[in-house]
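Everything in the sequence shown is counted per the numbering used here, starting at 433 for the first residue and increasing by one.
Don't be surprised by glycine CBs; every beta carbon is placed ideally from N, CA and C.
Please read the structure below before turning to the comments.
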Amino acid sequence: MLNLSYNPFFPGRIPPEIGNLTNLQVLWLTQCNLVGVIPTSLGRLGKLQDLDLALNDLYGSIPSSLTELTSLRQIELYNNSLSGELPKGMGNLTNLRLIDASMNHLTGRIPEELCSLPLESLNLYENRFEGELPASIADSPNLYELRLFGNRLTGKLPENLGRNSPLRWLDVSSNQFWGPIPATLCDKGALEELLVIYNLFSGEIPSLGTCQSLTRVRLGFNRLSGEVPAGIWGLPHVYLLELVDNSFSGSIARTIAGAANLSLLILSKNNFTGTIPDEVGWLENLVEFSASDNKFTGSLPDSIVNLGQLGILDFHKNKLSGELPKGIRSWKKLNDLNLANNEIGGRIPDEIGGLSVLNFLDLSRNRFLGKVPHGLQNLKLNQLNLSYNRLSGELPPLLAKDMYRSSFLGNPGLCGDLKGLCDGRGEEKSVGYVWLLRTIFVVATLVFLVGVVWFYFRYKNFQDSKRAIDKSKWTLMSFHKLGFSEDEILNCLDEDNVIGSGSSGKVYKVVLSSGEVVAVKKIWGGVKKEVESGDVEKGGRVQDNAFDAEVETLGKIRHKNIVKLWCCCTTRDCKLLVYEYMPNGSLGDLLHSSKGGLLDWPTRYKIAVDAAEGLSYLHHDCVPAIVHRDVKSNNILLDGDFGARVADFGVAKVVDATGKGTKSMSVIAGSCGYIAPEYAYTLRVNEKSDIYSFGVVILELVTGKRPVDPEFGEKDLVKWVCTTLDQKGVDHLIDPRLDTCFKEEICKVFNIGLMCTSPLPIHRPSMRRVVKMLQEVGTENQTKSAKKDGKLSPYYYDDASDHGSVV
């Protein structure tokens, strides 16, 4: 056995001399910075049973000499740059059970002789294979895994697929398969995941209602039709049922009451009809119920208010009628409510104003009557649309603003100061006109006198930056229910309250009258510098862009490991962001101070996992994905229990759907010591740039060293670690303040840090995989549970084909 996996060697080729080790049975060279082609001399290893060359930068074709290794049971070549076709002669590998050549540039057809082998696992996803899937794959008696997503495959799936084997995972998404979905997929009762999105499948869903093992069913974006079998609705272990963008008809069966674990129910863009059954209210774990663009009728069932975990309810473009059910105050976690383009009537219930986290409300083009509830003005909505209903009466004062003008169009009975609405005073307007003018004159005079006195004392008492703040011009944009006003924030912006300076602003600690503490970040200095250089317009534009980026990003994020943004306040010259306060400050300040010894290893490990989960959310669960661009220990904040939150999105950018990263920037993205090496010549950033920076943070946690330090000379932390590891070993790298009883766990986390800081972006794991690896470090007996044929299972098996979140 020769195992050199996960070592940060300098880039180099596989030595052809390895072919002389003719008694070798196991060769593992995973993630060793290997480049070049696979040497043909490996074909001389006649006794080799397990070959793993994954996670390198190998290119060229797979040598045909590998087909002479008749003892091979497992071959893993995933995540390289291999090209060409699979070699002829693979039928010689009669002992082969597992092959994984995913995430390469392989082309051609999947060989018939390969599919005729008694395979257990076939992974060829994210390549460029074309043609049909050989029918012989269905004859393998032990096939439990088939993942072919992200290719150009066509034709039908073998009609007996699953009849002869205990198939557990099937993912053929993002191909051009057509025809029916085979009815035999769960004949052995083992199928857990059925993922066939983005294909051309047609016909009806096969009778899989007895397949009790299913947990994820994604049939969206095909040409399927007919009624959904009653058994499908009630599968007890399914947590994701996605049928979006097909031509399904019929109604939701009452058997849905049995779907106890259902969390995501996505039925949009179909032809479903009928009423929504009361049994939907039994789905206590339901987080998203999206059924827009259908033909549902009747009213929302009263039982739907029992869905206490509901975050998204979307039924726009249906034929719903009746009134909203009573008791919707129980939707405490509802973030998105869209019932537009229906026939719902009655009054909008006042209790809708108690949905404190509601962010999106669209009830437009219905038949709602009565007044607009006053409670709506207490919500912090990014979007409000009540247009084209039958609402009447006067608008709540805080909603009678220009920003809400389009929210109330098409309601002739509504009154308020907005253009297009009645003024609400009728004949009394002419009767009291003179008295109104007199009152306005008196009040204006008093306001003027009070204003003069107020400005005098403000000028006398404040000599700092607050002289430029005109409170009458502040604009407040809130994202959560607030217990304070902007005036209370402004009155505390003293230099004595400054607790730090970030990459794009100064940070204040503000203690409110309620006793609550918040952190206020003031973005103000950049304009002044540009004014001094004579480029006022450019300065304002740069600062506006930084501010808008941070607000746009944070305002729509809800995650326990992302710092919460309460609100933002703006004027032309000054911009404020009000965050939740993190009492333990930043990881960088604490770790690299005299108090760093207080951070024992369990605490550091928890911080690493929390921060990784936050970044994973940005990369994988936001659509489109979000790149932080300035990950560093000073941007990881710690709450009272040392829970970590990712902060400072001053330079965050949204990655476009092409996945090619953001365009070249005019300013440096990142901080010294954290910038990925490829940035120097590409000036582009993507998720891999964040992963490199996070790897540096892991190395900080393990070593206790700063990312740049005079001790390193001209090197940074990553280069110093590699040099010291090679010359002195890992014992000289671990922070001496850490207890040695955690050494094994520390070394595992250290290796993850090395993977994240690999010089080649292709070798860095995704953040989802980083989270998985970190969690497994803290799991007892993880080695035994992850073994497969005596080898650790690759982490990429988890949700491999999910691009972004369906939520």
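Problem - DSSP-derived helix/strand/coil call for H537 - result: On the sequence shown, position 105 is the one that residue 537 refers to. It is a strand residue.
Practice task
Could you check what DSSP says for N452 in three-state terms: helix, strand or coil?
Solution key: Indexing the sequence shown from 1 puts residue 452 at position 20. Note: N452 maps to helix in three-state DSSP.
Practice task
Just grab the DSSP bridge partners of F680 for me.
Solution key: Within the sequence shown, the letter at position 248 stands for residue 680. Residue pairing by DSSP places F680 opposite G658 in a beta bridge.
Practice task
Sort out for me which residues DSSP pairs A1076 with in a bridge.
Solution key: In the sequence shown, the residue the question calls residue 1076 occupies position 644. Bridge partners of A1076: L1070.
Handout entry: Cβ neighbours of N607 in the same chain (closer than 6 Å, five flanking residues each side left out)
Key = Here residue 607 refers to the residue found at position 175 when the sequence shown is read from its first residue. Result list for N607: N583, L585 and N631, in chain order.
Problem - T877, buried or exposed, once every other Cβ within 10 Å from all chains shown has been counted against 16 - result: Counting from 1 along the sequence shown, the entry for residue 877 is found at position 445. Classification of T877: exposed, given that the 10 Å Cβ count is below 16.
Problem - Per-residue DSSP class, three states only, for I744 - result: Locating residue 744 in the sequence shown gives position 312, counting from the first residue. Collapsing the DSSP output to three states places I744 in a strand.
Exercise for the section: Give the C-beta separation of R648 and F633 to the nearest angstrom, bearing in mind that I take them to be a contact with Cβ-Cβ under 8 Å. Expected result: Start at 1 with the first residue of the sequence shown, and residue 648 comes out as number 216. Start at 1 with the first residue of the sequence shown, and residue 633 comes out as number 201. Not quite, the Cβ-Cβ distance comes to about 17 Å (not below 8 Å), so this is no contact.
Problem - Rounded straight-line distance, which links the Cα of G540 to that of L565 - result: Counting from 1 along the sequence shown, the entry for residue 565 is found at position 133. Counting from 1 along the sequence shown, the entry for residue 540 is found at position 108. L565 and G540: Cα-Cα distance of roughly 12 Å.
Handout entry: Contact belief for S724 with F704 at Cβ below 8 Å, rounded distance in angstroms
Key = Position 292 of the sequence shown holds residue 724. Position 272 of the sequence shown holds residue 704. The pair is not a contact, with the Cβ atoms about 11 Å apart (cut-off 8 Å).
Problem - Inside the segment 1094-1169 only - alpha helix (DSSP H) runs reaching at least 4 residues - result: 1111-1114, 1119-1135 and 1149-1159
Handout entry: Length of the line joining the Cα atoms of E716 and V458
Key = Within the sequence shown, the letter at position 284 stands for residue 716. Within the sequence shown, the letter at position 26 stands for residue 458. E716 and V458: Cα-Cα distance of roughly 49 Å.
Practice task
Answer yes or no: do E674 and L646 have a C-beta to C-beta separation smaller than 8 Å?
Solution key: Counting from one through the sequence shown, the residue named residue 674 turns up at place 242. Counting from one through the sequence shown, the residue named residue 646 turns up at place 214. Contact: no.
Practice task
Report the three-state DSSP secondary structure of T1035 (helix, strand or coil).
Solution key: Your numbering for residue 1035 matches position 603 in the sequence shown. Helix.
Problem - Euclidean distance between Cα positions of V1129 and H1060 - result: Numbered from its first residue, the sequence shown carries residue 1129 at position 697. Numbered from its first residue, the sequence shown carries residue 1060 at position 628. Taking the straight line joining both Cα atoms gives about 14 Å.
Exercise for the section: Starting from the C-beta of N431, find all residues in its chain whose C-beta is less than 7 Å away, skip the five residues before and the five after it, and write them out in chain order. Expected result: The requested residue 431 does not occur in the structure, where the chain is confined to residues 433 to 1239.
Practice task
Use the C-beta contact count for D782: other C-beta atoms within 10 angstroms, 16 or more gives buried, fewer gives exposed.
Solution key: In the sequence shown, residue 782 corresponds to position 350, counting from 1. The residue is exposed, with fewer than 16 neighbouring Cβ atoms inside 10 Å.
Practice task
Using a threshold of 8 Å, state whether the C-beta atoms of K751 and T729 are closer than that.
Solution key: To locate residue 751, count along the sequence shown from 1; it is residue 319. To locate residue 729, count along the sequence shown from 1; it is residue 297. Contact flag set, yes.
Exercise for the section: Ignore the nearest five residues each way along the sequence and tell me which others in E918's own chain have a CB closer than 7 Å to its CB. Expected result: Counting from 1 along the sequence shown, the entry for residue 918 is found at position 486. Result list for E918: W906, L908 and C1001, in chain order.
Problem - 8 Å Cβ cutoff met for L483 and L504 - result: For this step, residue 483 is matched to residue 51 along the sequence shown. For this step, residue 504 is matched to residue 72 along the sequence shown. Yes, Cβ-Cβ distance for L483 and L504 is below 8 Å.
Handout entry: CA nearest to the CA of S1025, picked from V942, K1137 and A951
Key = Taking the first residue of the sequence shown as 1, we reach residue 1025 at position 593. The shortest C-alpha separation from S1025 is found at K1137.
Problem - Coil, strand or helix - R579 by DSSP - result: Position 147 of the sequence shown holds residue 579. Strand.
Exercise for the section: Give me the Cβ distance between N810 and G785, rounded to the nearest whole Å; I'm assuming they're in contact under 8 Å. Expected result: For the purposes of this step, residue 810 is identified with residue 378 of the sequence shown, where counting begins at 1. For the purposes of this step, residue 785 is identified with residue 353 of the sequence shown, where counting begins at 1. About 5 Å; that satisfies the 8 Å criterion.
Exercise for the section: Could you check if R1169 is buried or exposed, using at least 16 other CB atoms within 10 Å of its CB as the buried criterion? Expected result: Looking up residue 1169 in the sequence shown gives position 737. Per the 10 Å Cβ criterion, exposed.
Problem - Distance CB(S572)-CB(Y557) smaller than 8 Å - result: Counting from 1 along the sequence shown, the entry for residue 572 is found at position 140. Counting from 1 along the sequence shown, the entry for residue 557 is found at position 125. Taking C-beta atoms as the reference points, S572 and Y557 fail to come closer than 8 Å.
Practice task
Count the other C-beta atoms from every protein chain shown that fall within 10 angstroms of the C-beta of N791, then say buried if there are 16 or more, exposed otherwise.
Solution key: Within the sequence shown, numbered from 1, the residue matching residue 791 stands at position 359. So N791 counts as buried.
Problem - Sub-8 Å separation of S683 and G706 beta-carbons - result: As a working mapping, residue 683 is identified with position 251 in the sequence shown. As a working mapping, residue 706 is identified with position 274 in the sequence shown. It is a contact, given that the beta carbons lie within the stated cut-off.
Exercise for the section: Answer yes or no: do P661 and G641 have a C-beta to C-beta separation smaller than 8 Å? Expected result: Walking along the sequence shown from the start, residue 661 turns up at place 229. Walking along the sequence shown from the start, residue 641 turns up at place 209. Contact: yes.
Problem - Closest residue to Q815 among K803, P828, S796 and L827 (Cα-Cα distance) - result: In the sequence shown, the residue the question calls residue 815 occupies position 383. Per the Cα distances, S796.
Handout entry: Residues that DSSP places opposite A951 in a beta bridge
Key = Residue numbering aside, residue 951 sits at position 519 when the sequence shown is read from its first letter. A951 pairs with K941 and Y1011.
Practice task
Please determine, among L480, N452 and F442, the residue with the shortest C-alpha to C-alpha distance to V467.
Solution key: The residue you call residue 467 lines up with position 35 of the sequence shown. The alpha carbon of V467 has as its nearest neighbour, out of L480, N452 and F442, the alpha carbon of F442.
Exercise for the section: From the DSSP output, in three-state form, read off K812 for me. Expected result: Start at 1 with the first residue of the sequence shown, and residue 812 comes out as number 380. Coil at K812, not helix or strand.
Practice task
Would you kindly work out how many angstroms separate the C-alpha atoms of Y1037 and K1180, rounded to a whole number?
Solution key: Sequence index remark: in the sequence shown, residue 1037 carries index 605 (1-based). Sequence index remark: in the sequence shown, residue 1180 carries index 748 (1-based). So the two alpha carbons sit approximately 11 Å from each other.
Exercise for the section: Would you kindly work out how many angstroms separate the C-alpha atoms of I921 and S1125, rounded to a whole number? Expected result: For the purposes of this step, residue 921 is taken as residue 489 along the sequence shown, with counting starting at 1. For the purposes of this step, residue 1125 is taken as residue 693 along the sequence shown, with counting starting at 1. Roughly 33 Å between the two C-alpha positions.
Problem - Those runs of the alpha helix (DSSP H) which lie wholly inside the segment 463-537 and span at least 4 residues - result: none
Problem - Secondary structure of G663, DSSP reduced to three states - result: By 1-based counting over the sequence shown, the position of residue 663 is 231. If DSSP states are grouped into helix, strand and coil, G663 belongs with the helices.
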